[in-house]
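2 protein chains.
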Amino acid sequence: MDITKYLEEKKKVIDSALESSLIPLKEHSILYAAMAYSLLLGGKRIRPILAITTYSASGKNEADILPFACAIEMIHTYSLIHDDLPIMDNSDERRGKSSCHKVYGSDMALLAGDALLSYSFEMASNPIHRNLFDEKLLLEVVNNFALSSGVKGLVGGQVMDMISSVDEEINEETITYIDRLKTASLISLAIRTGGILAGVNESEKLALSRFGENLGISYQIIDDVLDETSSPEILGKETQQDKKNKKATFVALFGVEKSKNIAQELILKAVDFLKPYNNKYTTIIELAEFTLGRMK
Amino acid sequence: MDITKYLEEKKKVIDSALESSLIPLKEHSILYAAMAYSLLLGGKRIRPILAITTYSASGKNEADILPFACAIEMIHTYSLIHDDLPIMDNSDERRGKSSCHKVYGSDMALLAGDALLSYSFEMASNPIHRNLFDEKLLLEVVNNFALSSGVKGLVGGQVMDMISSVDEEINEETITYIDRLKTASLISLAIRTGGILAGVNESEKLALSRFGENLGISYQIIDDVLDETSSPEILGKETQQDKKNKKATFVALFGVEKSKNIAQELILKAVDFLKPYNNKYTTIIELAEFTLGRMK
């Protein structure tokens, strides 16, 4: 399979679904504009692509899961908007363009983030989904959204990230904890949601979660390696930011080469969890292995 | 019925439930502390009290609905934390004490608010509720949470409030719109949630929503009247703030006396919606009428 082409195609599907998903909010012109600006700013759409790919692996129609895939990308976007705020990381740029608060002001950016979080829950709990999915599964998905975005997920990770820096004594355990909460929780959520809605059993769901968790941590390490080794021209964003901000990362602790090896090992570990399912999950496995290629 | 005593008793029930509800987060010490600080800072707890009172009116046990009542108070608290931030209203005080960001910093306050919103959805979608409630009803409650907290509720109201001031041309329609979204949406949500979980039919649910909407707008007008006419000693917070901040309120548009009359008419209108249910909703009606007494 040509993974680059697959990613391109699916990104188009997601981008178009994201655009449509905001249309019901269009009358709230300013708020809608700020939400749409950040949501449609670009990005690899890796989380929604993982969600639809996992779901499709069970022979299901990817269109069914698009609203949930979009909702997960909204949670991701909300967290980026809030992270970029002057009261947090104070980043003026995102994906090579002005960040939300630079365009709409900090107050509107704060509210655009808040609104995207609520809207992701609105989309996931829309009663219309009862035509396709069992209510028990829908409730489980919503609960997973809440767990992954909250204290035991995104927000908890951001707090740990904020209070940990390389000035302090950091260790592998702390960094793994931060990466698990801040990055892996949403990547794992995407894959788990695909499994839940496809109706897989508990052990398969657990295997998918473990796959997602290890992939997610690896994904963050690869990001940190690229921040250290790549250039703004190639990456499309400023590099050497972690060093500047004294971020607690694997690269800061172990250097580039060892970090690369850890990322590779995590992908092997991730893939192991899906072995019992033979060739069912070939595409998400290929996607996981593809992420490693970004470091080459 | 002695409404003052009823409110006192129920406030104790809610305060204790709120405290317990955060215990699972205790290991996340700093974030937990910031969330607990604002959530347990006090307040009349009117929203959760309305939820349990509406639910009990159907002869149900109020303990069943406490997690949902707490979750609604968490949404309210999250919105206050974000409103108080320096990038929004820049309020140093809340309920006569330092606001969250004055104690924990703006970054932590932002995240404490974010975490409370996610946690409210986590509580509402907890699979444990399936022992007591139909999954369809639980999904409906979650969807209502999302609608009331998002673009068509709290956040949308805050945006309109932000961009409207008495300097501009304002009219009754705009102010009603702001009050409906910013205040009435959560009060109406509390009452509606009580009805949904008690299993009332669609027309009764609609009547409860309309009651809540009118009560909510009235509640905001009463707040604005008190801001104009009361003193910090009596109200426990600074007064004459709306005038200072040129807020678009009924008082700014019509003056105190006419605003009082409008608040009164809205309560009469609210109560009318519950007439078809004879004496079932006596207590929430008494609570609604009691709110008017605050202006005397």
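Protein chains in written order, with my numbering: chain L, 22 to 317; chain D, 22 to 317. Positions of the beta carbon are idealized from the N, C-alpha and C atoms, including for glycine. Fair warning: this is a prediction, and the values are worked out from it, not measured in the lab.
| said: Does chain L have any CB closer than 9 Å to the CB of arginine 115 of chain D? | reply: Residue-level contact check: arginine 115 of chain D does not touch chain L, since none of the beta carbons of chain L fall below 9 Å from its beta carbon.
| request: Please report how far the alpha carbon of serine 42 of chain D lies from the alpha carbon of proline 88 of chain D, in whole angstroms. | output: Cα to Cα, the separation comes out at about 7 Å.
| query | Taking any Cβ of chain D, which residues in the stretch 196-220 of chain L have a Cβ under 8 Å from it, in chain order? | reply | none
| query | From the beta carbon of histidine 97 of chain D, is the nearest beta carbon of chain L less than 9 Å away? | reply | no
| field | is_contact[leucine 153 of chain D, chain L] using C-beta, thresh 9 Å | value | no
| query | Beta carbon of threonine 195 of chain L, beta carbon of methionine 183 of chain L: below 9 Å? | reply | no
| query | CB-CB under 7 Å to threonine 270 of chain D, same chain, minus the five flanking residues each way: which ones, in chain order? | reply | Ile196, Asp245, Asp263
| request: List the residues that DSSP assigns as beta-bridge partners of serine 119 of chain D. | output: D:Glu114
| query | Is the Cβ of proline 88 of chain D closer than 9 Å to any Cβ of chain L? | reply | no
| query | Can you tell me whether serine 252 of chain L is buried or exposed, with buried defined as 16 or more other CB within 10 angstroms of its CB? | reply | exposed
| said: So glycine 237 of chain L and alanine 273 of chain L are supposed to be a Cβ contact under 8 Å. How far apart are they, rounded? | reply: Glycine 237 of chain L to alanine 273 of chain L, Cβ: 19 Å. No contact.
| query | Can you list the residues of chain L that tyrosine 125 of chain D reaches, using a CB-CB cut of under 8 Å? | reply | What tyrosine 125 of chain D touches in chain L: nothing, since even the nearest Cβ is about 11 Å away.
| query | If we ignore side chains and look at the alpha-carbon of each, how far apart do serine 119 of chain L and leucine 60 of chain L end up? | reply | Spanning the two alpha carbons is a distance of roughly 13 Å.
| field | Continuous alpha helix (DSSP H) assignments of at least 4 residues falling wholly in the stretch 35-84 of chain D | value | 50-60, 67-77
| query | What do you get for threonine 214 of chain L, buried or exposed, if any count of 16 or more other CB atoms within 10 angstroms of its CB means buried? | reply | buried
| request: Flag alanine 269 of chain L as yes if its beta-carbon sits less than 9 Å from any beta-carbon of chain D, otherwise no. | output: Judged by the 9 Å Cβ criterion, alanine 269 of chain L is not in contact with chain D.
| task | Whole angstroms is fine: what's the gap from methionine 129 of chain L's alpha carbon to alanine 55 of chain L's? | result | 7 Å
| field | Entirely enclosed alpha helix (DSSP H) segments - the stretch 196-225 of chain D, minimum 4 residues | value | 206-219
| Whole alpha helix (DSSP H) elements within the stretch 133-183 of chain L, 4-residue minimum | Segments of the alpha helix (DSSP H) lying fully in the stretch 133-183 of chain L: 156-170.
| What whole-angstrom Cβ distance do isoleucine 283 of chain L and isoleucine 242 of chain L have, given they're in contact under 8 Å? | 6 Å
| request: Please classify aspartate 23 of chain D: does DSSP put it in a helix, a strand, or coil? | output: coil
| message | Quick check on this structure: which residue in D:Asp36, D:Lys267, D:Glu307 has the alpha carbon closest to the alpha carbon of methionine 22 of chain D? | response | D:Glu307
| query | From phenylalanine 311 of chain L to serine 141 of chain L, what distance separates their C-alpha atoms? | reply | 28 Å
| query | Quick one: what does DSSP say methionine 316 of chain L is sitting in, helix, strand or coil? | reply | coil
| field | Same chain, Cβ closer than 7 Å to methionine 109 of chain D, neighbours up to 5 away in sequence not counted | value | His103
| query | What's the gap between the Cα of asparagine 165 of chain L and the Cα of serine 169 of chain D? | reply | 20 Å
| Alpha carbon to alpha carbon, how far is arginine 115 of chain L from glutamate 40 of chain D? | 39 Å
| request: Kindly indicate if chain D contains any beta-carbon less than 9 Å away from that of aspartate 135 of chain L. | output: yes
| Is tyrosine 125 of chain L helix, strand or coil by DSSP? | helix
| said: Less than 9 Å between the C-beta atoms of alanine 291 of chain L and serine 224 of chain L, yes or no? | reply: no
| query | Taking the C-alpha atoms as reference points, what is the distance between alanine 219 of chain L and lysine 226 of chain L? | reply | Looking at the backbone, the Cα of alanine 219 of chain L and that of lysine 226 of chain L are separated by about 10 Å.
| task | For aspartate 135 of chain D, count neighbouring C-beta atoms within 10 Å of its own C-beta (all shown protein chains included) and say buried if the count is 16 or more, exposed if not. | result | Buried, since its Cβ has 16 or more Cβ neighbours within 10 Å.
| Limits of the alpha helix (DSSP H) - the one that methionine 95 of chain D falls within | Per DSSP, methionine 95 of chain D belongs to the alpha helix (DSSP H) from 87-105.
| query | Counting only beta-carbon atoms, is isoleucine 44 of chain D nearer than 9 Å to chain L? | reply | no
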